[in-house]
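Here the protein sequences come in this chain order: L and Y.
The first sequence begins at 1 in the numbering used here and counts up one residue at a time.
The second sequence begins at 113 in the numbering used here and counts up one residue at a time.
Positions of the beta carbon are idealized from the N, C-alpha and C atoms, including for glycine.
Structure, as structure tokens:
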Amino acid sequence: GDSVTQMEGPVTLSEEAFLTINCTYTATGYPSLFWYVQYPGEGLQLLLKATKADDKGSNKGFEATYRKETTSFHLEKGSVQVSDSAVYFCALVKAAGNKLTFGGGTRVLVKP
Amino acid sequence: DTAVSQTPKYLVTQMGNDKSIKCEQNLGHDTMYWYKQDSKKFLKIMFSYNNKELIINETVPNRFSPKSPDKAHLNLHINSLELGDSAVYFCASSQGGNEKGTLHFGNGTRLTVT
Numbered sequence: 001g002d003s004v005t006q007m008e009g010p011v012t013l014s015e016e017a018f019l020t021i022n023c024t025y026t027a028t029g030y031p032s033l034f035w036y037v038q039y040p041g042e043g044l045q046l047l048l049k050a051t052k053a054d055d056k057g058s059n060k061g062f063e064a065t066y067r068k069e070t071t072s073f074h075l076e077k078g079s080v081q082v083s084d085s086a087v088y089f090c091a092l093v094k095a096a097g098n099k100l101t102f103g104g105g106t107r108v109l110v111k112p
Numbered sequence: 113d114t115a116v117s118q119t120p121k122y123l124v125t126q127m128g129n130d131k132s133i134k135c136e137q138n139l140g141h142d143t144m145y146w147y148k149q150d151s152k153k154f155l156k157i158m159f160s161y162n163n164k165e166l167i168i169n170e171t172v173p174n175r176f177s178p179k180s181p182d183k184a185h186l187n188l189h190i191n192s193l194e195l196g197d198s199a200v201y202f203c204a205s206s207q208g209g210n211e212k213g214t215l216h217f218g219n220g221t222r223l224t225v226t
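Printed below as a string of structure tokens:
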């Protein structure tokens with residue numbers, strides 16, 4: 001079946017450091033890929049998405065590129081802030097389906 | 113205005129009780145979902161309704177019963193609560209077509225079964 005694998009956290013960084021969270025997927029066909037963010041005590045929010053190979057999603061300084069050859073969608077940010085501390089989820093949905101499949105989430109903690 | 117609202121925010125109850133969680137969305141979306149998030153933050157889809165019709169029904173104990181009186185509401189009723197039901201339950205909604213996969217989540221209901 002479809003699956004999404006993310007690096008386990010927690011990832012602890014200092015402010016202004018570079019952040020990378022790895023995400024790889026297994027799915028047939030051409031899924032759409034997503035990153036969601038969950039701040040403490042809140043529900044998930046869509047951060048960015050990409051719907052086809054080589055697309056780059058970007059938002060709030062975060063970027064991820066849909067790499068079909070490596071089945072990956074790694075999340076990056078060049079300079080993190082304390083306010084980026086959250087849990088980040090990679091997810092996919094298949095073209096013919098309705099179900100969003102999530103990875104296990106990666107907790108990021110940014111220290112001042 | 114809150115787009116997806118769920119009540120209550122916290123629910124503490126004893127084993128064996130029956131409880132309900134309510135969800136409403138004012139986004140005009142056709143599809144609504146219930147997800148369960150465990151203590152390790154793992155998210156598992158439970159149910160999905162599209163225009164009041166059940167379209168996703170994952171392997172969930174039949175003590176859990178969703179009800180959608182209209183497309184803006186999706187409630188979750190849980191019978192005979194067990195300790196393992198303790199989790200955060202999220203309601204979400206989405207529009208189909210090109211926005212499929214773009215879910216709008218409520219802030220969750222933290223259920224604690226003692």
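Since Phe159/Y sits in a beta bridge, which residues does DSSP pair it with? Trp146/Y and Asn169/Y
Using only the alpha-carbon positions, how far apart do Glu194/Y and Asp182/Y sit? 29 Å
I'd like the span of the beta strand (DSSP E) that includes Lys179/Y, first residue to last. Phe176 to Asp182
Chain Y within 8 Å of Ser57/L, Cβ atoms only: It is Gly, not Ser, that sits at residue 57/L in the sequence shown. No, Gly57/L does not count as interfacial toward chain Y.
Among the residues of its own chain, which have a CB less than 6 Å from the CB of Leu109/L, if the five just before and after it don't count? Pro10, Thr12 and Ser85
Taking just the CA atoms, how far does Gly218/Y sit from Ala27/L? 28 Å
What residues of chain L sit near Ile157/Y, judged by a beta carbon separation below 9 Å? Lys99, Leu100, Thr101 and Phe102
Based on Cα-Cα distance, which residue from Ala184/Y, Lys148/Y, Tyr161/Y and Ser180/Y lies nearest to Pro173/Y? Lys148/Y
In this structure, what does DSSP give as the bridge partners for Tyr25/L? Val4/L
Given Arg175/Y as reference, the closest of Leu186/Y, Ile167/Y and Met158/Y once Cα atoms are compared: Met158/Y
Tell me the DSSP bridge mates of Tyr201/Y? Lys148/Y and Thr221/Y
Tell me the DSSP bridge mates of Tyr88/L? Val37/L and Thr106/L
Under a Cβ-count criterion, where at least 16 other Cβ atoms within 10 Å of its own Cβ denotes burial, should Thr101/L be classed as buried or exposed? buried
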